[in-house]
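Everything in the sequence shown is counted per my numbering, starting at 6 for the first residue and increasing by one. In what follows, a single structure is set out as structure tokens and then discussed.
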Amino acid sequence: MSNQPLVFGKRNYQILIASLVLIALGFILMSLETGEYGFGTLGLTVGPMTVLAGFGLAFWSILYKDKTKK
Numbered sequence: 006m007s008n009q010p011l012v013f014g015k016r017n018y019q020i021l022i023a024s025l026v027l028i029a030l031g032f033i034l035m036s037l038e039t040g041e042y043g044f045g046t047l048g049l050t051v052g053p054m055t056v057l058a059g060f061g062l063a064f065w066s067i068l069y070k071d072k073t074k075k
């Protein structure tokens, strides 16, 4: 095993995992819709907004840089 440092820091990976959980939660919310063909509040509004927030958080986790210098 090589001793090369990881590309991202610990905080980046924590934020990325949180974003994956948020994306999964959004898809679960969309699947819970009881309206016909998913035409309801969860299927059309809350679920997709949660998924988009998860993708935005994933993008931010890539760009995030710690303010502390080593």
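Heads up, the beta-carbon is just placed ideally off N, CA and C, and yes, glycines get one too. The structure displayed is predicted, hence computed values, not measured ones.
Am I right that residue i and residue j are in contact with their C-beta atoms under 8 Å? What's the rounded C-beta distance?
i	j	result
Met35	Leu27	The pair is not a contact, with the Cβ atoms about 13 Å apart (cut-off 8 Å).
Gly59	Ser24	5 Å
What is the residue span of the alpha helix (DSSP H) that residue i lies within?
i	result
Gly52	Gly52 to Leu68
Gly18	The amino acid occupying residue 18 in the given sequence is Tyr; Gly does not appear at that position. Looking at the DSSP string, the run of the alpha helix (DSSP H) that includes Tyr18 is Lys15 to Ser36.
Using DSSP with H/G/I as helix, E/B as strand and the rest coil, what is residue i?
i	result
Ser7	coil
Leu47	helix
Excluding sequence positions up to five away, which residues of its chain have a Cβ less than 7 Å from the Cβ of residue i?
i	result
Leu30	Thr55
Leu21	Ala63 and Ser66
If you drop the 5 nearest sequence neighbours on each side, which residues of the same chain put their C-beta closer than 6 Å to that of residue i?
i	result
Asn17	Ser66 and Tyr69
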